[in-house]
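Chemist: One structure, as structure tokens, below. Some questions next.
There are 2 protein chains.
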Amino acid sequence: MGEFSKGLEGVIAAETEMSFIDGQKGVLEYVGIPIGELATHSTFEETVFLLWNRRLPTSSELESFKGELRKRYALPSGLARRIPEIPTTAQPMHMLRTLISEMSLYDTHPNDNDPEQARRKAMNILGQAPTIVAQFDRCRRGLPVVEPDPSLGFSANFLYMLNGEKPTDAMTRAFDICMITHADHGLNNSTFTARVVISTLSDVYSALTAAVGSLRGPLHGGANEGVMKMLNEIPSVADAEAYVLGKLERKEKIMGFGHRVYKAKDPRAKELMALAKQLADDTGNTDLYEKSHAIERVMEREVAAKGIYPNVDFYSATTYHCIGLKLDLFTPMFALSRIGGWAGHVIEQLSDNRLFRPGAKYVGPHDQPYVPIAQR
Amino acid sequence: MGEFSKGLEGVIAAETEMSFIDGQKGVLEYVGIPIGELATHSTFEETVFLLWNRRLPTSSELESFKGELRKRYALPSGLARRIPEIPTTAQPMHMLRTLISEMSLYDTHPNDNDPEQARRKAMNILGQAPTIVAQFDRCRRGLPVVEPDPSLGFSANFLYMLNGEKPTDAMTRAFDICMITHADHGLNNSTFTARVVISTLSDVYSALTAAVGSLRGPLHGGANEGVMKMLNEIPSVADAEAYVLGKLERKEKIMGFGHRVYKAKDPRAKELMALAKQLADDTGNTDLYEKSHAIERVMEREVAAKGIYPNVDFYSATTYHCIGLKLDLFTPMFALSRIGGWAGHVIEQLSDNRLFRPGAKYVGPHDQPYVPIAQR
Numbered sequence: 044m045g046e047f048s049k050g051l052e053g054v055i056a057a058e059t060e061m062s063f064i065d066g067q068k069g070v071l072e073y074v075g076i077p078i079g080e081l082a083t084h085s086t087f088e089e090t091v092f093l094l095w096n097r098r099l100p101t102s103s104e105l106e107s108f109k110g111e112l113r114k115r116y117a118l119p120s121g122l123a124r125r126i127p128e129i130p131t132t133a134q135p136m137h138m139l140r141t142l143i144s145e146m147s148l149y150d151t152h153p154n155d156n157d158p159e160q161a162r163r164k165a166m167n168i169l170g171q172a173p174t175i176v177a178q179f180d181r182c183r184r185g186l187p188v189v190e191p192d193p194s195l196g197f198s199a200n201f202l203y204m205l206n207g208e209k210p211t212d213a214m215t216r217a218f219d220i221c222m223i224t225h226a227d228h229g230l231n232n233s234t235f236t237a238r239v240v241i242s243t244l245s246d247v248y249s250a251l252t253a254a255v256g257s258l259r260g261p262l263h264g265g266a267n268e269g270v271m272k273m274l275n276e277i278p279s280v281a282d283a284e285a286y287v288l289g290k291l292e293r294k295e296k297i298m299g300f301g302h303r304v305y306k307a308k309d310p311r312a313k314e315l316m317a318l319a320k321q322l323a324d325d326t327g328n329t330d331l332y333e334k335s336h337a338i339e340r341v342m343e344r345e346v347a348a349k350g351i352y353p354n355v356d357f358y359s360a361t362t363y364h365c366i367g368l369k370l371d372l373f374t375p376m377f378a379l380s381r382i383g384g385w386a387g388h389v390i391e392q393l394s395d396n397r398l399f400r401p402g403a404k405y406v407g408p409h410d411q412p413y414v415p416i417a418q419r
Numbered sequence: 044m045g046e047f048s049k050g051l052e053g054v055i056a057a058e059t060e061m062s063f064i065d066g067q068k069g070v071l072e073y074v075g076i077p078i079g080e081l082a083t084h085s086t087f088e089e090t091v092f093l094l095w096n097r098r099l100p101t102s103s104e105l106e107s108f109k110g111e112l113r114k115r116y117a118l119p120s121g122l123a124r125r126i127p128e129i130p131t132t133a134q135p136m137h138m139l140r141t142l143i144s145e146m147s148l149y150d151t152h153p154n155d156n157d158p159e160q161a162r163r164k165a166m167n168i169l170g171q172a173p174t175i176v177a178q179f180d181r182c183r184r185g186l187p188v189v190e191p192d193p194s195l196g197f198s199a200n201f202l203y204m205l206n207g208e209k210p211t212d213a214m215t216r217a218f219d220i221c222m223i224t225h226a227d228h229g230l231n232n233s234t235f236t237a238r239v240v241i242s243t244l245s246d247v248y249s250a251l252t253a254a255v256g257s258l259r260g261p262l263h264g265g266a267n268e269g270v271m272k273m274l275n276e277i278p279s280v281a282d283a284e285a286y287v288l289g290k291l292e293r294k295e296k297i298m299g300f301g302h303r304v305y306k307a308k309d310p311r312a313k314e315l316m317a318l319a320k321q322l323a324d325d326t327g328n329t330d331l332y333e334k335s336h337a338i339e340r341v342m343e344r345e346v347a348a349k350g351i352y353p354n355v356d357f358y359s360a361t362t363y364h365c366i367g368l369k370l371d372l373f374t375p376m377f378a379l380s381r382i383g384g385w386a387g388h389v390i391e392q393l394s395d396n397r398l399f400r401p402g403a404k405y406v407g408p409h410d411q412p413y414v415p416i417a418q419r
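Protein chains in written order, with this note's numbering: chain P, 44 to 419; chain W, 44 to 419.
What follows is the structure in structure tokens.
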């Protein structure tokens, strides 16, 4: 057995052709294409095709991929009936994890892992998860559900189902860029979870259900809620500096800063920053952006030397808020996007699988007798 | 970054005080007590206390633990109403994964991870999972559900809910020993999954839901079904030798043999072998045991030199069959038991947490341009 590295830091657990990260330089590429290029030119659907096939699609391949996805926006009737029965107090991530798991009960071949079947299941989840989130949110707000519109792309359709009206092009594009930038990121915890689970040759539903559960945690996807809560705690732009300095003095964490992998500014944060500014201006939330930017300036002055920079959560919070999303839907948005990455990693793992079965270092006692209960 | 070890073989991913395995010598201990001692003297409830507290309980502690567990046999009404709605064609492991996830929707504080709350959630799952499995099985058989009996221990209550009549003491004891021997086993894939998921500080429901999904796979808990299928393929004891030799010649896998960790006879198989023989004799299944034993003898002669020995699945299949369990409930039985281990590892991980975030080795292209779609 090798050495024990807590949290597997520094251990290489898989090979991938999907995303490349240079944490020192602040580089993120999907299949070799810089994330900035994709954010500027691509769409979420095309990006998912890229991740699943490790190349960009031709026109006809992209049309076919979009067609397959859009056919799956609608929920099977058993699942659709479930949405209004879910307690309105349920937290969306627990709800989403449960309903992705439940999709398997309506799949006549839930366990098939051959490449075609695995992609079909991945497409089911990618297509249906937005519908689940939007319809649940409508139900808990006491509003009628809005059926998906297969003439719309992934992002426009989601915003339409959520708000009951067609989104503006600017909103759709902003949301799509959030989806593109969150889709894959090496062996983050939830992606690693998905690969570990599929390595028993279980199934795509089991793997992605597990990943949603991982993403929920505040040390992972749950962090974007924390950024918004922090922004809400700061009364105005003028208070941002004192707030940050106070936190630093008390050695408290500033939400949305620092990353295990990046020791430079997260390239996703760079993309989202410009987006957040534009959206904030468009939607009368300029103050929110200005607060964020003020925090970043103080942090840069105080702790950038320690390699602590804004991460992906920092500006995605402002973006999601400006789109009109409620706080507890921030992490589910991360999930909708990351389904693309999770499914790609599951497909990749299945193509050259080996069961994940690490060792544990036993640090307890040995040779203990079973002492009868009367003598304890 | 270190070297890439596929499947994390040889990598130590966590420290534990729960189980110790010596694969060369065929030793398994829970908190230092040999598994044979526990199988002979302990009960499943006491074993779970041992795993969660890393010591055996006093009389009054054990009574209190059993009381807490038995209070939780009954399902919350929202969950109880769900059981008859589940498609009768649903596979039990997909169903169980979904309903453990769903428990979180009826917990008013699903995300609390302090030690007391984490134990409370673990106890909920340990208490309710058997009820879910038994009631689902009754419903799909068209039989009325049997409410749990809190005067009965874990194993007797489960068999009572499943069959609608109180089990014999011999049945109860056999089932309890299966539960004891399957409860924990180092960083097997599902336990590792549970630790990875809780390390984002998500929650006990997310972690155990993920673990059920991992256990489903045929390379993990799903293997015990394969043993039974193999036994059914062999017409009689006299055919066992030819069957095994034929498989070996065609280089096919013999189900229930070999283990990544053990290069000697799995100590759990030793315990279950005697149990399987007794139960098979008691229930008129002597042939089934004899077939298993004949397979083991041929395998010992042919491949023991390569370190291929019976694993835990080999004799648990006969045991579960003799108890009257249908094939697709074998893996859920593994889950009911392993909930004890998973929850113990979650508690242990929370007590000294570090986010699991390994690295990936990127093996794809770099510096790729985004080629406009018309030019692809």
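Idealized CB from N, CA, C, for every residue including glycine.
Quick caveat, the model's predicted, so the values are computed rather than measured.
Out of curiosity, what's the CA-to-CA distance linking V54 of chain P and L230 of chain P?
Modeler: Those two C-alpha atoms are separated by around 11 angstroms.
Chemist: Less than 8 angstroms between the beta carbons of N156 of chain W and P173 of chain W, yes or no?
Modeler: Their beta carbons are not under 8 angstroms apart, which means N156 of chain W does not touch P173 of chain W by this criterion.
Chemist: On the DSSP bridge list, what partners appear for Y286 of chain W?
Modeler: DSSP lists no partner for Y286 of chain W.
Chemist: What residues in its chain sit with their C-beta under 7 angstroms from that of A143 of chain W, if we drop five residues either side in the sequence?
Modeler: With the sequence shown as reference, residue 143 of chain W is identified as Ile, and Ala is not the correct amino acid for it. Closer than 7 angstroms at the Cβ level, and outside the excluded window around I143 of chain W, lie I168, A172, Y248, L251, T252, V255.
Chemist: DSSP puts E58 of chain P in a beta bridge; with which residues?
Modeler: Answer is W:K404.
Chemist: For K349 of chain P, which option in P:Q67, P:E88, P:T131, P:K306 has the closest C-alpha, if you only look at C-alpha atoms?
Modeler: The residue with the shortest Cα to Cα distance from K349 of chain P is P:K306.
Chemist: Whole beta strand (DSSP E) runs in the segment 70 to 112 of chain W with 3 or more residues, listed along the chain?
Modeler: You should have 70 to 73.
Chemist: List the residues of chain P whose Cβ lies closer than 7 angstroms to the Cβ of L318 of chain W, in chain order.
Modeler: Near L318 of chain W there are no residues of chain P at all, since even the closest Cβ is about 18 angstroms away, more than 7 angstroms.
Chemist: Tell me whether D65 of chain W sits in a helix, a strand or coil according to DSSP, three-state version.
Modeler: D65 of chain W falls in the strand class under three-state DSSP.
Chemist: DSSP on H302 of chain P, reduced to helix/strand/coil?
Modeler: In the structure shown, H302 of chain P sits in coil (DSSP, three-state: anything other than H, G, I, E or B).
Chemist: Assign A217 of chain W to one of two classes, buried (16 or more other C-beta atoms within 10 Å of its C-beta) or exposed (fewer than that).
Modeler: Buried, because 16 or more other Cβ atoms sit within 10 Å of the Cβ of A217 of chain W.
Chemist: Whose CA, out of P:Q160, P:R113, P:P119, P:I129, lies closest to the CA of P193 of chain P?
Modeler: P193 of chain P has its Cα closest to that of P:R113, out of P:Q160, P:R113, P:P119, P:I129.
Chemist: Under 7 angstroms between beta-carbons, which chain W residues line up against K404 of chain P? List them in chain order, please.
Modeler: Under the 7 angstroms cutoff, chain W gives I55, E58.
Chemist: Would you call the CB atoms of I223 of chain P and L81 of chain P closer than 8 angstroms?
Modeler: Contact: yes.
Chemist: Just verifying my parser: in three-state terms, what is the DSSP assignment at L368 of chain P?
Modeler: Three-state DSSP puts L368 of chain P in coil, outside helix and strand.
Chemist: Any C-beta of chain W sitting closer than 8 angstroms to the C-beta of D246 of chain P?
Modeler: Output row for D246 of chain P: interface = yes.
Chemist: Just checking my contact of T59 of chain P with V406 of chain W at CB under 8 angstroms: how many whole Å lie between their CB atoms?
Modeler: T59 of chain P to V406 of chain W, Cβ: 7 angstroms. Contact.
Chemist: Just to confirm my understanding: we take I64 of chain W, look at its own chain, exclude 5 residues before and 5 after, and list those with CB closer than 6 angstroms. What are they?
Modeler: Excluding positions up to five away in sequence, the list reads L71, G229, V304.
Chemist: Would you say N232 of chain W faces chain P, with C-beta separation under 8 angstroms as the test?
Modeler: So yes, N232 of chain W belongs to the interface.
Chemist: Tell me which residue opens and which closes the alpha helix (DSSP H) that V414 of chain W is part of.
Modeler: Premise fails: V414 of chain W is in no alpha helix (DSSP H) and is neither H nor E.
Chemist: Any Cβ of chain W within less than 8 angstroms of the Cβ of D410 of chain P?
Modeler: It does: the Cβ of D410 of chain P has a partner Cβ on chain W nearer than 8 angstroms.
Chemist: From A133 of chain P to L148 of chain W, what distance separates their C-alpha atoms?
Modeler: Cα to Cα, A133 of chain P sits roughly 5 angstroms from L148 of chain W.
Chemist: Output yes or no for whether 8 angstroms exceeds the beta carbon distance between G478 of chain W and V270 of chain W.
Modeler: Examination of residue 478 of chain W is not possible in this model, given that chain W is present from 44 through 419 alone.
Chemist: Going by alpha carbons, who is nearest to D410 of chain P out of W:A403, W:K308, W:E46, W:G79?
Modeler: Ranking the options by Cα distance to D410 of chain P, first place goes to W:G79.
Chemist: So what does P119 of chain W bridge to, in DSSP terms?
Modeler: Its beta-bridge partners do not exist; DSSP assigns none.
Chemist: For a test of the three-state rule: what should DSSP assign to H152 of chain W, helix, strand or coil?
Modeler: Three-state result, H152 of chain W: coil.
Chemist: Name the residue from W:A56, W:R381, W:Q67, W:K49 whose alpha carbon lies nearest to the alpha carbon of I351 of chain W.
Modeler: Of the listed residues, the one whose Cα sits closest to I351 of chain W is W:Q67.
Chemist: Once the 5 residues before and after F108 of chain P are set aside, which same chain residues still bring their CB inside 7 angstroms of it?
Modeler: Contacts found: E88, F92, P100.
Chemist: Indicate the three-state DSSP secondary structure (helix, strand or coil) for H388 of chain P in the structure shown.
Modeler: Note: H388 of chain P maps to helix in three-state DSSP.
Chemist: Just checking, does the segment 323 to 332 of chain P make contact with the segment 282 to 289 of chain P on the three C-beta pairs under 8 angstroms criterion?
Modeler: No, they do not touch.
Chemist: Would you mind stating whether C182 of chain W and T362 of chain W have Cβ atoms separated by less than 8 angstroms?
Modeler: No; because the gap between Cβ atoms is not below 8 angstroms, this pair is not in contact.
Chemist: With 8 angstroms set as the bound, which would you pick, yes or no: does the beta-carbon of Q134 of chain W sit closer than that to a beta-carbon of chain P?
Modeler: Yes, its Cβ sits closer than 8 angstroms to a Cβ of chain P.
Chemist: Name, in chain order, the residues that DSSP records as bridge partners for P353 of chain W.
Modeler: W:F300.
Chemist: Would you kindly report the start and end of the unbroken alpha helix (DSSP H) that includes Q178 of chain W?
Modeler: Residues 158 to 183.
Chemist: List the whole-angstrom C-beta distance separating F377 of chain W from H225 of chain W, where the pair is believed to meet the contact cut-off of C-beta under 8 angstroms.
Modeler: Indeed, because the Cβ distance is near 5 angstroms, the residues count as touching under 8 angstroms.
Chemist: Give the straight-line distance between the Cα atoms of P310 of chain W and G69 of chain W, rounded to the nearest whole angstrom.
Modeler: In a straight line, the C-alpha of P310 of chain W is about 6 angstroms away from that of G69 of chain W.
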